[in-house]
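Data first, discussion second: the structure below is written as structure tokens.
Protein chains: 2
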Amino acid sequence: MPGTVTILGAGAMGSALATPLSAAGWEVHLWGTWLDDHLLAACQAGEPHPRTGVRLAAGTRLYASDQLDEAFTGADLTVVAIASQGVLDVVRRALPNISRTRALLLTSKGFAPNDEGHVQLLPDALRDLAAEEGVELPPIVAVGGPCKANEVAAGRWTAAIFGCRDESVAEEMAKAVATPAYRAEVTSDEAGVEICAPMKNVYAIALGLADGLGERHGEPHHDLKAATFAQAVRELVVLTHMVGGDPVTATGLAGAGDLEVTGLSGRNKVYGARIGRGEPADRALAEMAAAEQTVEGVPAARLARSLVDQRNPGAWPDLPLLSAILDILDGHSDPAQRVADAVLPRG
Amino acid sequence: MPGTVTILGAGAMGSALATPLSAAGWEVHLWGTWLDDHLLAACQAGEPHPRTGVRLAAGTRLYASDQLDEAFTGADLTVVAIASQGVLDVVRRALPNISRTRALLLTSKGFAPNDEGHVQLLPDALRDLAAEEGVELPPIVAVGGPCKANEVAAGRWTAAIFGCRDESVAEEMAKAVATPAYRAEVTSDEAGVEICAPMKNVYAIALGLADGLGERHGEPHHDLKAATFAQAVRELVVLTHMVGGDPVTATGLAGAGDLEVTGLSGRNKVYGARIGRGEPADRALAEMAAAEQTVEGVPAARLARSLVDQRNPGAWPDLPLLSAILDILDGHSDPAQRVADAVLPRG
């Protein structure tokens with residue numbers, strides 16, 4: 005390695021990864037879904053990518069949605085960076101091509117409910133899908149950690165974490181994509197990396213709520229935000245343990261690290277801040293949806309509820325903040341008090 | 005309990021604690037050192053406390069520096085909230101009075117180098133001092149967690165952590181001071197709570213540096229800040245382990261929680277931001293000192309260096325961020341690169 009890498013998904017993170025991959029010596033093929041055509045058009049016109057505000061790395065080859073096979077010409081490595089609702093569909097179509105590459109780096113994050121309503125982590129869903137189709141997937145490398153797409157695209161310092169059941173593959177990949185600015189640490193804890201990514205979006209709603217309270221009352225609520233942060237990390241440990249992962253993943257880059265960056269900015273935090281300022285949760289969500297601002301933490305919270313119900317309902321007493329967030333999404337009348345009750349010690 | 009509590013130190017945290025203690029039913033005696041006379045004068049004139057901007061809880065009795073014995077009239081509980089450089093001196097003078105109270109709640113934080121230059125945690129130094137004087141101290145309860153004095157004073161939601169070797173005393177005290185807004189969780193890990201408090205100030209300098217870089221370049225460096233946060237938590241675990249504490253303390257309220265709030269605001273973060281914006285470390289420190297802005301993380305970093313050298317120099321490879329901060333304080337020519345090298349995975 006390096007060689008040729010095919011990135012599936014030309015949204016913010018897919019396009020951003022062209023920067024370190026290109027800098028690390030890879031020939032980058034960037035394939036956009038049918039939803040990405042306007043993004044590719046902007047890039048082809050030499051404009052900055054509309055989602056990151058940064059120009060694509062020089063030399064990146066672009067492939068439109070009807071050029072999926074061409075995008076894999078000579079591919080040695082696959083990166084899957086599709087929004088979570090589309091990832092299974094795209095991977096199904098690309099299975100034969102993906103199977104011929106060395107590894108599948110997965111930046112898509114989320115839960116995948118199967119037909120029976122059983123909630124899975126994405127790598128498990130991908131492996132099941134491949135088995136159904138009789139195709140063998142290469143090793144999956146879950147990519148996590150505090151990586152804002154616009155900063156990755158701009159080549160600013162970023163620490164990722166690569167989780168692969170075969171840790172030697174994670175190591176090989178971390179070496180193969182390393183640049184002075186983009187580095188990955190490795191772990192064999194695929195499940196821990198996977199569960200932290202959607203859950204940090206859920207908990208960022210509560211962090212945003214503390215910010216919104218501060219705006220509403222004209223005085224910061226930093227103590228509440230910090231207590232919420234500490235409780236969120238504690239619950240990431242519980243959830244990581246529940247899926248068979250390592251608590252260290254939850255207190256490291258994938259958990260606490262990613263939660264820190266998600267609590268600084270982003271839509272989940274913004275949504276929580278609107279609730280903290282006093283807007284009803286459903287109205288704020290509808291307004292953000294109307295402005296095409298997806299709040300990933302909302303569906304993730306509800307899928308997490310199913311996951312806990314299915315895997316270990318006895319863990320609910322250790323997940324008071326997740327319970328509070330679910331109550332707030334369902335219209336609880338006093339969100340701030342509900343979060344405080346969840347994160348303050350019993351006393 | 006409750007009964008009468010004597011708070012030694014009328015600065016920000018000492019005066020702030022009058023709010024929850026008073027709300028929990030305590031009669032509060034607030035004693036100021038010779039450096040606090042102007043603070044007490046303002047409070048006596050009915051003005052907000054100059055350090056918190058909040059009026060003292062109603063009913064708080066004030067005692068000037070020459071009224072140390074009077075301040076202990078009927079005292080059942082002692083709170084020590086003296087700036088770390090003065091704490092040993094004040095405690096020595098108050099030892100007989102303190103010894104007659106049920107417990108010593110310690111909010112003062114820092115390292116105490118003894119005459120031989122051996123760096124101790126404050127509770128150990130206090131116990132040694134009492135032993136020298138032939139006085140038996142009541143149980144020490146280390147008070148940590150994300151508690152900004154102005155928020156505690158204003159009665160905003162705050163989660164503290166009380167660490168006492170005898171956990172039942174920590175529990176008794178947590179119950180005795182609990183209000184709807186101020187709550188404490190308990191641990192027997194006194195040492196862990198103690199080491200996290202000064203060290204979060206050290207690491208907040210590096211968090212501020214990422215903020216300053218963002219201001220300097222007009223674009224946020226959130227990925228670097230988050231990677232720095234994750235590495236700081238990892239090093240808090242190493243340091244907590246070094247003093248015989250529990251890693252959970254470092255990933256909970258005392259460590260990650262307090263680091264979160266310290267990275268949001270405060271002088272250590274501000275100092276780091278000035279370095280990140282491009283000011284030489286020594287000049288920025290001198291200017292802040294001239295403006296009476298103490299940057300506690302600076303002496304704490306150097307005492308931490310001695311502590312590690314004395315207790316376990318083999319741990320230095322696991323403390324790259326602490327090493328980087330020390331280099332930066334000593335004038336390293338490229339602070340941003342130095343932090344990035346310390347917090348990015350090796351790749």
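From first to last, the protein sequence lines stand for chains B and F.
Going from the first sequence to my numbering is simple: count from 1 and add 4.
Going from the second sequence to my numbering is simple: count from 1 and add 4.
All residues carry an ideal CB built from backbone N, CA and C; glycine is no exception.
Taking Cβ-Cβ distances shorter than 7 angstroms, what residues in chain F pair up with residue i?
i        : result
B/Gly261 : Ala230, Ala231, Phe233 and Ala234
B/Leu34  : What B/Leu34 touches in chain F: nothing, since even the nearest Cβ is about 21 angstroms away.
B/Val347 : Ala163
B/Glu51  : Per Cβ cutoff of 7 angstroms: no residues; B/Glu51 is ~18 angstroms from chain F at best.
B/Glu31  : What B/Glu31 touches in chain F: nothing, since even the nearest Cβ is about 20 angstroms away.
Within this structure, are the beta carbons of residue i and residue j separated by less than 7 angstroms?
i        : j        : result
F/Thr64  : F/Val32  : yes
B/Asp128 : B/Gly196 : no
F/Val206 : F/Gly301 : yes
B/Ala230 : F/Gly261 : yes
F/Glu194 : F/Arg169 : yes
F/Ala164 : F/Val145 : no
F/Thr10  : F/Thr82  : yes
B/Ser112 : B/Val139 : no
B/Glu239 : B/Leu348 : no
B/Ala61  : B/Thr23  : yes
B/Asp338 : F/Thr162 : no
F/Gly167 : B/Ala234 : no
B/Ala116 : B/Pro202 : no
F/Ala178 : F/Met5   : no
F/Ala49  : F/Leu34  : no
B/Val247 : B/Ile199 : yes
B/Ala285 : B/Gly149 : no
F/Val242 : F/Ala340 : no
F/Ser192 : F/Glu176 : no
Leaving out the 5 sequence neighbours to the left and right, which residues in its chain are closer than 8 angstroms to residue i when beta-carbon positions are compared?
i        : result
B/Lys273 : Ala208, Ile209, Leu211, Gly212, Asp215, Thr266 and Gly267
B/Glu74  : Tyr67
B/Arg287 : none
Give the interface partners of residue i over in chain B, defined as CB-CB distance under 8 angstroms, in chain order.
i        : result
F/Asp313 : Simply none; closest approach about 27 angstroms.
F/Asp227 : Pro150, Cys151, Lys152, Glu155, Val156, Arg160, Trp161, Thr162, Ala163 and Val265
F/Glu171 : What F/Glu171 touches in chain B: nothing, since even the nearest Cβ is about 14 angstroms away.
List, in order along the chain, the chain F residues whose C-beta lies closer than 8 angstroms to that of residue i?
i       : result
B/Arg59 : Those within 8 angstroms of B/Arg59 in chain F number zero; the least Cβ separation is about 14 angstroms.
Anything in chain B within Cβ reach of residue i, meaning under 7 angstroms, just list it in chain order.
i        : result
F/Thr255 : Val237 and Thr255
F/Ala344 : Trp161
List the residues of chain B that residue i touches, going by C-beta distances under 9 angstroms, in chain order.
i        : result
F/Glu355 : Outside the modelled stretch of chain F, which goes from 5 to 351, sits residue 355 of chain F, for which no answer is possible.
F/Leu268 : Pro224, His226, Lys229 and Ala230
F/Glu137 : Those do not exist, as F/Glu137 stays about 35 angstroms from chain B at its closest Cβ, beyond 9 angstroms.
To which residues of the same chain is residue i closer than 7 angstroms at the C-beta, ignoring the five residues directly before and after it?
i        : result
B/Val378 : Residue 378 of chain B lies beyond the range of chain B shown here (5 to 351); nothing can be said about it.
F/Leu133 : Leu92, Val95 and Arg96
B/Gly218 : Pro224 and His225
F/Leu99  : Ala134, Glu137 and Val139
B/Thr183 : Pro24, Ala27 and Ala28
F/Val173 : Ala107, Pro143 and Val145
B/Thr56  : Ala16, Ser19, Ala20, Ala153, Asn154 and Ala157
F/Leu141 : Ile102, Ser103, Leu108, Leu130, Arg131 and Ala134
Between which residues of its own chain and residue i is the CB-CB distance below 6 angstroms, once the five residues before and five after are set aside?
i        : result
B/Gly280 : Leu213, Gly216 and Leu217
B/Met17  : Ala85, Thr111 and Ala153
B/Gln297 : Arg271
F/Ala346 : Pro324, Leu325 and Ala328
B/Arg315 : Met246
Cβ of residue i within 6 angstroms of any heavy atom in the ligand GDP?
i        : result
F/Pro321 : The model depicted lacks the ligand GDP and carries no ligand whatsoever.
Problem - Three-pair Cβ contact test at 8 angstroms for the region 37-52 of chain F versus the region 102-115 of chain F - result: no
Handout entry: Touching by the beta-carbon criterion (3+ pairs, under 8 angstroms), the region 265-272 of chain F and the region 286-299 of chain B
Key = no
Exercise for the section: Would you be able to state if there are at least three C-beta pairs under 8 angstroms between the region 21-31 of chain F and the region 117-130 of chain F? Expected result: no
Practice task
Enumerate, from N- to C-terminal direction, the unbroken alpha helix (DSSP H) stretches of 4 or more residues contained entirely within the region 82-164 of chain B.
Solution key: 91-103, 126-137 and 153-157
Handout entry: Contiguous beta strand (DSSP E) assignments of at least 3 residues, all confined to the region 164-202 of chain B
Key = 186-191
Exercise for the section: Would you check if there are 3 or more beta carbon pairs closer than 8 angstroms linking the region 322-331 of chain B to the region 299-310 of chain B? Expected result: yes
Problem - Inter-stretch contact at 8 angstroms, needing at least 3 Cβ pairs: the region 183-194 of chain B / the region 82-94 of chain B - result: no
Practice task
List in chain order: all unbroken alpha helix (DSSP H) runs of 4+ residues lying wholly within the region 244-316 of chain F.
Solution key: 251-255, 262-268, 271-281, 285-294 and 301-315
Problem - Any alpha helix (DSSP H) of 4 or more consecutive residues that is wholly inside the region 15-70 of chain F - result: 16-27 and 41-48
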